[in-house]
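The block underneath contains the structure these notes are about, expressed in structure tokens.
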Amino acid sequence: MHALTLHNSLTRRREVFAPINPQRVGLYVCGPTVYDRAHLGNARPVVVFDVLARLLRVLFPHVVYVRNITDVEDKINARAAELGVSIGEVTARTTAEFHADMAALGALPPNEEPRATDNIPQMIAIIEKLIANGNAYEAEGHVLFSVESDPHYGRLSGRSPEEMQAGARVEVAPFKRDPGDFVLWKPSPANPEGPELPGWDSPWGRGRPGWHIECSAMSWRYLGEDFDLHGGGSDLLFPHHENEMAQSCCAFPGSRFAHTWVHNGMLLVDGEKMSKSLGNFRTVRDVLALAPGEAVRFLLLRAHYRATLDFTEAALAEARRELDRFYRALARHAPAFAETPAEVPRPLMAALCDDLNTPAAIAALHVLADQAMAGDAEAAAGLHAAGRVLGLLQASPEAWFHGDEEDAGVAAAIAERIAARKARDFARADAIRAELLARGIALEDNASGTSWRRVESGAAS
RNA sequence: GGUCCGGUGGCAGAGUGGUGAUGCAGCGGACUGCAAAUCCGCGAAUGUGGGUUCGAUUCCCGCCCGGACCUCCA
Numbered sequence: 041m042h043a044l045t046l047h048n049s050l051t052r053r054r055e056v057f058a059p060i061n062p063q064r065v066g067l068y069v070c071g072p073t074v075y076d077r078a079h080l081g082n083a084r085p086v087v088v089f090d091v092l093a094r095l096l097r098v099l100f101p102h103v104v105y106v107r108n109i110t111d112v113e114d115k116i117n118a119r120a121a122e123l124g125v126s127i128g129e130v131t132a133r134t135t136a137e138f139h140a141d142m143a144a145l146g147a148l149p150p151n152e153e154p155r156a157t158d159n160i161p162q163m164i165a166i167i168e169k170l171i172a173n174g175n176a177y178e179a180e181g182h183v184l185f186s187v188e189s190d191p192h193y194g195r196l197s198g199r200s201p202e203e204m205q206a207g208a209r210v211e212v213a214p215f216k217r218d219p220g221d222f223v224l225w226k227p228s229p230a231n232p233e234g235p236e237l238p239g240w241d242s243p244w245g246r247g248r249p250g251w252h253i254e255c256s257a258m259s260w261r262y263l264g265e266d267f268d269l270h271g272g273g274s275d276l277l278f279p280h281h282e283n284e285m286a287q288s289c290c291a292f293p294g295s296r297f298a299h300t301w302v303h304n305g306m307l308l309v310d311g312e313k314m315s316k317s318l319g320n321f322r323t324v325r326d327v328l329a330l331a332p333g334e335a336v337r338f339l340l341l342r343a344h345y346r347a348t349l350d351f352t353e354a355a356l357a358e359a360r361r362e363l364d365r366f367y368r369a370l371a372r373h374a375p376a377f378a379e380t381p382a383e384v385p386r387p388l389m390a391a392l393c394d395d396l397n398t399p400a401a402i403a404a405l406h407v408l409a410d411q412a413m414a415g416d417a418e419a420a421a422g423l424h425a426a427g428r429v430l431g432l433l434q435a436s437p438e439a440w441f442h443g444d445e446e447d448a449g450v451a452a453a454i455a456e457r458i459a460a461r462k463a464r465d466f467a468r469a470d471a472i473r474a475e476l477l478a479r480g481i482a483l484e485d486n487a488s489g490t491s492w493r494r495v496e497s498g499a500a501s
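Shown next as structure tokens:
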């Protein structure tokens, strides 16, 4: 059995992962705010933590993976107003799109996917505890968390409240006792002029939750006051995660909230931060038009999860070529591993248990592929099993190479070319091959005949 | 300005206090009608200046460069 080590953002060092209860390992990951299609930056944590969840399931008998849906947030309100549709319509549609996109990337659904709006009573309960404990106060219809009341505030992000004030670039609301105080609950007054804001009755009047409270509520409900792992993008470390932890630890004195924090690095596009103004904003759906979802997933796993990852179309094409080789290796032994699932090879487990080192894991995949190419059926079965933990290589080689588009005429063209070759009319044979290549179909003659595969359309020789 | 992370061959990307994985691309060869695929082989890297050390790519400090965050709903 390999010991899993993970870099814990809380301690800033790598630690051996020791679950609170090995019979029930808990993982909470911040999910999407459903106001627009998922972009590549949203996809990275989903894929990274999908691998972590798969790995945990290999190591432990029972894993509860919780990923929330944030369906109350002002960006959603703005989006609904912009589109002239209801908030519910925006969140329902965006959630469905999110599910479809993540499925295309091979991410398994989490065990629990709670919605913020289904957990308002839990949020109110936590806020009441915070007020009772002297960690929160009411001001002008808002309820605010008092940063000063929490001696540990800043521990996760490594900032002191004083430091943060120095660089503060946003005006501080006058009703705050401390500039660092943040909103737990805010008023949603009826708005006769514009669109209605979402609101729920609370001890502080009709209102809606602040940004951070939902994760405290949902992790508490599904995983308890103390739980094993909390994941998310490194951009959420502050303020979101810091505030989450402060709220939860103060609401439940004596608890530590998440014991291990795991943060994935940011994603760049062509070396630049992805942003709408730069015009390099890539949605998952856009990228799925360029390559199979599995290639996108593989690309995301080629870099270590904590490193910044630069997305380029060249890297996507390379990811696809690498997968081509793996599928070729599997194709040589297809029936050998189809029935009985093999044990996950040790080198793969060793790499993943070493702080989820997916690049090293992929190197292990290449070793297995070499062996499979050389005729080792056991290695092929191991490759397939290794792919299962990474969420890769589970398609049939044929499906991978042929895709699911219509391939009308390909078989006939191949037959014609075989006839031409038999007649030693190589000019005709080569013309047929070139024609198919122009359609994005590459031919390969081998001992057993002629096979074909899809390549990037327009790919040169 | 503050906090944090990173800078490895043409590109991508690991590891490591003692002759630097893996992949893609390139080059040579085998195979092929020619290719592709496969196989064999080749060249190619640790930002910079110091320090610690018998020895640093790895540890420490400075510098340069790149990136994330610095707040609560504008």
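Letter by letter, the first sequence follows residues 41 to 501 of our numbering.
Every residue, glycine too, gets a C-beta built ideally from N, C-alpha and C.
Source: prediction; values computed, not measured.
Counting only runs of 3 or more residues that sit fully inside the region 271-351, the beta strand (DSSP E) segments are 298-304, 307-309, 349-351, in chain order.
Checking the DSSP bridge columns, you'll see residue 66 partnered with 104. Excluding its 5 nearest sequence neighbours in each direction, residue 322 has C-beta neighbours in its own chain below 8 Å: 79, 80, 309, 314, 351, listed in chain order. Under the three-state reduction of DSSP, residue 470 is assigned to helix. The region 268-279 makes no contact with the region 124-141; the number of CB pairs closer than 8 Å stays below 3. Around residue 484, the same chain offers 491 as residues with beta carbons nearer than 6 Å, after the five sequence neighbours per side are excluded.
Assigned with DSSP and collapsed to three states, residue 115 falls in helix. For residue 227, the pairing in a beta bridge is given by DSSP as 247. DSSP, read as helix, strand or coil, puts residue 213 in coil. Under a 10 Å Cβ-count criterion, residue 111 is classified as buried, with 16 or more other Cβ atoms of the shown protein chains found around its own Cβ. A straight-line Cα-Cα distance of about 46 Å links residue 217 and residue 326. Under the three-state reduction of DSSP, residue 152 is assigned to strand.
Here the C-alpha atom of residue 140 lies approximately 34 Å from the C-alpha atom of residue 475. By the Cβ criterion, the region 391-408 is in contact with the region 71-91, since at least three pairs of Cβ atoms, one from each stretch, lie closer than 8 Å. The C-beta distance from residue 194 to residue 282 rounds to 7 Å, short enough to fall under 8 Å.
Straight-line spacing of the CA atoms in residue 144 and residue 439 works out to 14 Å.
By the 16-neighbour rule on beta-carbons within 10 angstroms, residue 436 is exposed.
Taking C-beta atoms as the reference points, residue 225 and residue 167 count as a pair closer than 8 Å.
Between residue 422 and residue 381 the beta-carbon gap is near 11 Å, outside 8 Å, which marks them as no contact. At a cut-off of 4 residues, the continuous stretches assigned as alpha helix (DSSP H) that sit fully inside the region 359-432 are 374-378, 386-393, 398-413, 417-430. Looking from the CA of residue 192, the closest CA among 285, 96, 98, 336 belongs to 285. With a 10 Å radius around the Cβ and a threshold of 16 neighbouring Cβ atoms, residue 62 comes out exposed. If you draw a straight line from the Cα of residue 183 to the Cα of residue 343, it is about 42 Å long. Annotation for residue 492: the continuous beta strand (DSSP E) segment containing it runs 489-494. According to DSSP, residue 46 shares a beta bridge with 55.
Within the same chain, 301, 303 come within 6 Å of residue 49 by CB-CB distance, once the 5 residues on both sides are set aside. The alpha-carbon of residue 365 is positioned some 11 Å away from that of residue 441. Burial check for residue 444: the Cβ neighbour count within 10 Å stays below 16, so the residue is exposed. By the beta-carbon neighbour count (other beta carbons within 10 angstroms, threshold 16), residue 488 is exposed.
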